[in-house]
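Chains as they are written, first to last, in this note's numbering: chain A, 1 to 299; chain B, 1 to 299.
Just so it is clear, CB atoms sit at the ideal spot from N, CA and C, and this is done for glycine as well.
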């Protein structure tokens, strides 16, 4: 199962009752974070999932409200005893920005590996158990949307294993998709089954590529800086989208559920203003700090 | 009158219920901030004193827990419409560190002036209405304690003004200590009166110079990372002090009141553990986030 939590849902400016937009995912004992604005580590502490198993940080882009909390988080990971490498992924320039910020976090107890995403097209990464796709978005500077996919192997067939005289001791490895002593998973597994897919889009205007990118997601987390269509022009000006535009993407991408996030500080009660989204895509929820969900494999 | 608020009282790691150590002072419509760790701007918003009149930021030192919140605050000041110059004061190296952090806050609507303090001895600065003294402390890297002094001119004597035929229209300027049309303040003012003095010491071991530096302060705000004397050795190791050491400085400096701050995250209820300080200096208070005080001139 994949556990998710919105660490924050605010855009631009951190507020006393709303952390900046970020998301934490946990699968099989490992954690992946998307974005790290000022206060993200505080929200992580409040959530209580711990720190040291954080293996990957994906950055959507290099605006301060999405990255200013990184030096503090890096130092805290050291203080909490992390020793394993940390992977940081982001648009071109991420390594230079992190290096510059690390003037106040020079000494860490673990190495950092960087993956810079090309701005030209979609990227595919395998980061431990997390299979990550990245899509260039349309913001005021290079920005990436992410899909996190947890693949699921085909169903194990014990009759086929017995018929091929595969010793019982190897069955567990084969179930996990590993080759062992010359026995390969395809000898005992059915066709790959549907996994879990979560997509995350902020900050961006709607683009033609987003629906295919998010298609079939169990959960689509998308920015909606304003609730009202009256503010589309203002949203456009800053490279953002309103609630109804996020809902239209959710519908076009045939996702199962939409969570809105990255609210303007002027939007005090987003949960009371989601009508414009619900009319287009019914299963819309206004994200809030520490809104959590556990996604299971089917059947 | 001088208004003060502790914006945070935590050391090293920001917590969901305790911001990092910082202090805000307001006098005559202008604000001065000491330190700006991750979340300081959020605490400022919660306090509600506004942002745009922040003219001066004093940094005690360049550890992340005292400066990581600066890029976000700088951007917020721009967003809130600040146009007047901002003065940033700190130990040698402050300008280089701020420049490096500004990779995520490159465009601001106001200029920044830097004052780097020499590490060799005490410095005196006049920053608007705030008269600031800085003292090198004893930490794991260069660190400054600060005293903020609000001077008070002598008492205006209307009889002397009349006797010298000084027109009534000039009296206000002379009361403020200004020279006007050849009339000088000393013609009508008595000797300078006692002003207001607040001293701030973190992060540091006790030093021989601190008592004279803080002498006679109306309020002395001092770090106390641990409450128990059993932890003096641990405090020493990291260049900090315990509650009783802060109290001994308060007593030696003959201050009026002591507030403790910069607590270890292991210190959950500092207000219940101040006995070791009170035994040495009775008027000790455990600082807490948003503890405020208004200091008035005497009589």
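Residue i bridges to which residues according to DSSP?
| i | result |
| --- | --- |
| residue 90 of chain A | A/116 |
| residue 151 of chain A | Beta-bridge pairing links residue 151 of chain A to no other residue. |
| residue 75 of chain A | Answer by DSSP bridge pairing: none, since residue 75 of chain A is not bridged. |
| residue 327 of chain A | The displayed coordinates of chain A run from 1 to 299. Any statement about residue 327 of chain A would go beyond what the structure contains. |
| residue 256 of chain B | Looking at the DSSP assignment, residue 256 of chain B forms no beta bridge with any residue, so it has no partner. |
| residue 30 of chain A | A/27 |
| residue 205 of chain B | Residue 205 of chain B pairs with nothing; no bridge assigned. |
| residue 145 of chain B | B/135 |
| residue 263 of chain A | A/10 |
| residue 168 of chain B | Answer is none; residue 168 of chain B lacks a bridge partner. |
| residue 70 of chain A | In the DSSP output, where bridge partners are listed per residue, residue 70 of chain A has none listed. |
| residue 15 of chain B | B/18 |
So for residue i, helix, strand or coil by DSSP?
| i | result |
| --- | --- |
| residue 186 of chain A | helix |
| residue 348 of chain B | Past the boundaries of the shown model lies residue 348 of chain B; chain B is included only from 1 to 299, so the question cannot be answered. |
| residue 275 of chain A | helix |
| residue 157 of chain A | coil |
| residue 40 of chain B | helix |
| residue 270 of chain A | helix |
| residue 162 of chain A | helix |
| residue 280 of chain A | coil |
| residue 199 of chain A | strand |
| residue 105 of chain A | coil |
| residue 100 of chain B | helix |
| residue 22 of chain B | strand |
| residue 193 of chain A | strand |
| residue 286 of chain B | strand |
| residue 46 of chain B | helix |
| residue 95 of chain A | helix |
Could you pull the start and end residues of the alpha helix (DSSP H) that residue i belongs to?
| i | result |
| --- | --- |
| residue 213 of chain B | 210 to 214 |
| residue 250 of chain A | 243 to 252 |
| residue 175 of chain A | 171 to 175 |
Within a Cβ cutoff of 8 Å, which residues of the same chain sit near residue i, ignoring the five residues on either side of it in sequence?
| i | result |
| --- | --- |
| residue 274 of chain A | 227, 243, 260, 284, 285 and 286 |
| residue 177 of chain B | 153, 185 and 189 |
| residue 127 of chain B | 32, 55, 56, 87 and 89 |
| residue 76 of chain A | 41 and 51 |
| residue 27 of chain A | 1, 2, 3, 129, 130 and 150 |
| residue 294 of chain A | 1, 2, 3 and 4 |
In its own chain, which residues sit with a C-beta less than 6 Å from the C-beta of residue i, not counting the 5 before and 5 after it?
| i | result |
| --- | --- |
| residue 32 of chain A | 25, 56 and 130 |
| residue 89 of chain A | 58 and 115 |
| residue 256 of chain B | 218 |
Which bits of chain A does residue i rub up against, with CB to CB less than 7 Å?
| i | result |
| --- | --- |
| residue 71 of chain B | 64 and 68 |
| residue 38 of chain B | 38, 39, 69 and 72 |
| residue 45 of chain B | 15 and 16 |
| residue 75 of chain B | 64 |
| residue 52 of chain B | Residues of chain A passing the Cβ test: none, with the nearest at roughly 14 Å. |
Can you pull the chain B neighbours of residue i, defined as C-beta to C-beta under 7 Å?
| i | result |
| --- | --- |
| residue 100 of chain A | 100 and 103 |
In chain A, which residues lie less than 8 Å from residue i when you measure between Cβ atoms?
| i | result |
| --- | --- |
| residue 79 of chain B | 12 and 13 |
| residue 42 of chain B | 14, 15, 16, 38 and 39 |
From which residue to which residue does the beta strand (DSSP E) around residue i run?
| i | result |
| --- | --- |
| residue 67 of chain A | Careful: residue 67 of chain A lies outside any beta strand (DSSP E), inside the alpha helix (DSSP H) at 64 to 67. |
| residue 57 of chain B | 54 to 58 |
| residue 231 of chain A | First-last for residue 231 of chain A: undefined, no H or E at that position. |
| residue 5 of chain B | 2 to 8 |
| residue 181 of chain A | Careful: residue 181 of chain A lies outside any beta strand (DSSP E) and carries neither H nor E. |
| residue 295 of chain B | 292 to 295 |
Who are the neighbours of residue i on chain B, taking C-beta pairs under 9 Å?
| i | result |
| --- | --- |
| residue 188 of chain A | Ordered by position in chain B, no residue passes the 9 Å Cβ test against residue 188 of chain A, which lies about 48 Å from the chain. |
Within 7 Å: the Cβ of residue i and any heavy atom of the ligand FAD?
| i | result |
| --- | --- |
| residue 257 of chain A | No copy of the ligand FAD appears in this structure; indeed no ligand is present at all. |
Could you pull out every residue in the same chain whose Cβ sits closer than 7 Å to the Cβ of residue i, ignoring the five residues on either side in sequence?
| i | result |
| --- | --- |
| residue 53 of chain B | 29, 30 and 31 |
| residue 215 of chain A | 253 and 254 |
| residue 337 of chain A | There is no way to answer for residue 337 of chain A, as the model of chain A reaches only from 1 to 299. |
| residue 108 of chain A | 74 and 78 |
| residue 192 of chain A | 151, 152, 153 and 154 |
| residue 44 of chain A | 7, 24 and 51 |
| residue 281 of chain B | 247, 250, 251 and 258 |
Which bits of chain B does residue i rub up against, with CB to CB less than 8 Å?
| i | result |
| --- | --- |
| residue 97 of chain A | 103 and 104 |
Would you please verify whether the beta carbon of residue i is less than 8 Å from any beta carbon of chain E?
| i | result |
| --- | --- |
| residue 233 of chain B | No chain E is part of this structure, whose protein chains are labelled A and B. |
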